[in-house]
Amino acid sequence: MAGSPSAHPDSSDAFRLDGRHALVTGGASGIGEATVKELARAGASVWIADIDYAAAQSLAQSVPSAKALLLDVTRTESISKAVSQVGALDILVNNAGIGHVGSIETTEPEDFDRVMEVNVRGVYLVTRAFLPLLLAAHQQHEAVGTIVNIASVSGLVGIKQRFAYCTSKGAVVAMTRQLAVEYPRTLRVNAICPGTVQSPFVEAYLEKFHKDNKDEMRVELRARQPVGRLGRPEEIAAMVRYLASDEAAFINGSLLNIDGGWTAA
244 MAGSPSAHPD
254 SSDAFRLDGR
264 HALVTGGASG
274 IGEATVKELA
284 RAGASVWIAD
294 IDYAAAQSLA
304 QSVPSAKALL
314 LDVTRTESIS
324 KAVSQVGALD
334 ILVNNAGIGH
344 VGSIETTEPE
354 DFDRVMEVNV
364 RGVYLVTRAF
374 LPLLLAAHQQ
384 HEAVGTIVNI
394 ASVSGLVGIK
404 QRFAYCTSKG
414 AVVAMTRQLA
424 VEYPRTLRVN
434 AICPGTVQSP
444 FVEAYLEKFH
454 KDNKDEMRVE
464 LRARQPVGRL
474 GRPEEIAAMV
484 RYLASDEAAF
494 INGSLLNIDG
504 GWTAA
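Here's what the structure looks like:
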């Protein structure tokens, strides 16, 4: 394994993941796709786990060290089948998620339940199912198994018209901290809290909730981040790579904001 916690690699060897096996949920597009490419570039073998299997297969064709994996994070049978196909796992990136717009008054129970099912229960089910493989990774490498949860600034601050989404991402933040405390020597668990990132996720949100005023909303989305632009998927992916690497061995139970200064303002 190139680089250990005590080593001081040069820039070409930094944050290497050679010999590691990773799985990215929602890996076929957006932040997930960028993460798959970045982890593969770092030397990892990557499972592209997505409910859109065709998109996962298409991406796998352009990333030699990646394989497509059909995975619905809300279905235990789908998750069990995926686990049976994955022989070893060192890095789990819980990225799959959905959004929702509405206050508590306009959020219907079925909408709330769906957001919680994907964004919270999905993270729980996937993590629980793959936990034995992640814990076993400690026996194979000097480093421990690693989980990176893609949370959101929505889990840290209140955002108008995001009742269900804020609730779900707050739960992901809490799960991250609890797992880090539960398995402090055999697992590292951290969360990235992005601001608004230019991705198919955001475009789908605009199409569904702001079809008639997309341009106006894009201006608003950029403005709420002090740097004046949306984030890029590659910027989130770079942090995932770092958190999964040996250089981040002392980081556990942390929340890393990548939000253009949003939560600092």
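Counted the way the numbering used here counts, the sequence shown spans residues 244 to 508. Glycine is no exception: its CB is placed at the ideal position from the N, C-alpha and C atoms. In this text, all values refer to a predicted model and were calculated from it rather than measured experimentally.
Same chain, Cβ closer than 6 Å to residue i, five either side skipped, listed in chain order
i	result
Val363	Ser411 and Ala414
Asn500	Cys436 and Thr506
Ala309	Val279, Ala283, Val289, Ile291 and Ala303
Thr419	Asn392, Val432 and Ala434
Ile294	Asp315
Beta-bridge partners of residue i, as assigned by DSSP
i	result
Trp290	Leu266 and Lys310
Gly430	Here residue 430 is Leu; the residue named in the question, Gly, does not match the sequence. Beta-bridge pairing links Leu430 to Gly388.
Ile501	Pro437
Ala393	A small fix is needed here, since residue 393 is Ile in this sequence, not Ala. In DSSP, Ile393 forms a bridge with Ile435.
Gly345	Arg405
Leu336	The residue asked about is misnamed: residue 336 is Val in this sequence, not Leu. Bridge partners of Val336: Val267 and Val391.
Residue i vs residue j beta-carbon contact at 8 Å
i	j	result
Glu276	Pro476	yes
Ala265	Ala491	no
His343	Val358	yes
Glu281	Ala481	yes
Gly345	Phe406	yes
Ala287	Ile347	no
Ala339	Gly269	yes
Ala298	Ala271	yes
Ala311	Arg484	no
Val329	Leu260	no
Gly474	Arg465	no
Per-residue DSSP class, three states only, for residue i
i	result
Gly365	helix
Arg284	helix
Leu422	helix
Gly474	strand
Asp261	coil
Ile494	coil
Thr350	coil
Pro469	coil
Val326	helix
His381	helix
Asp458	helix
Ala358	Ala is not the amino acid found at residue 358; the sequence shown has Val there. Of the three classes helix, strand and coil, the one that applies to Val358 here is helix, per DSSP.
Ser272	coil
Ser442	coil
Val400	coil
Asp256	helix
Ser488	coil
Thr317	coil
Ala298	helix
Ser303	The question names Ser, yet the displayed sequence has Ala at residue 303. Here Ala303 sits in helix by DSSP.
Ala417	helix
Beta-carbon contacts of residue i that lie in its chain and below 8 Å, excluding the five residues immediately before and after
i	result
Glu463	none
Leu449	Lys457, Met460 and Arg461
Ile479	Ile274, Ala277, Thr278, Ile393, Ile435, Pro437, Val440 and Ile501
Ser442	Ser272, Gly273, Ile274 and Pro476
Thr350	His343, Phe406 and Ala407
Given residue i as reference, the closest of the options once Cα atoms are compared
i	options	result
Leu378	Val344, Glu425, Arg472 and His343	Glu425
Ile322	Ser308, Asn337 and Asp333	Asn337
Arg461	Thr439, Met482, Val470 and Glu478	Thr439
Phe444	Ala480, Phe406, Ala285 and Ile341	Ile341
Asp489	Asp293, Gly474 and Leu430	Leu430
Glu386	Ala508, Gly273 and Phe493	As written in the sequence, residue 386 is Ala, which differs from the Glu given in the question. The option with the nearest alpha carbon to Ala386 is Phe493.
Ala508	Val483, Pro469, Leu473 and Gln404	Pro469
Glu360	Thr349, Ser397 and Thr317	Thr317
Gly262	Gly388, Lys451 and Ser305	Gly388
Own chain residues within Cβ distance below 7 Å of residue i, not counting five before or after
i	result
Ile402	Cys409
Val326	Ala372 and Phe373
Pro427	Asn495
Val366	Asn337, Asn392, Val415 and Met418
Ser497	Asn433
Thr319	Leu368
Ser395	Lys412, Cys436 and Pro437
Phe355	Ala407
Tyr296	Ala311 and Leu313
Gln404	Val344, Gly345 and Ser346
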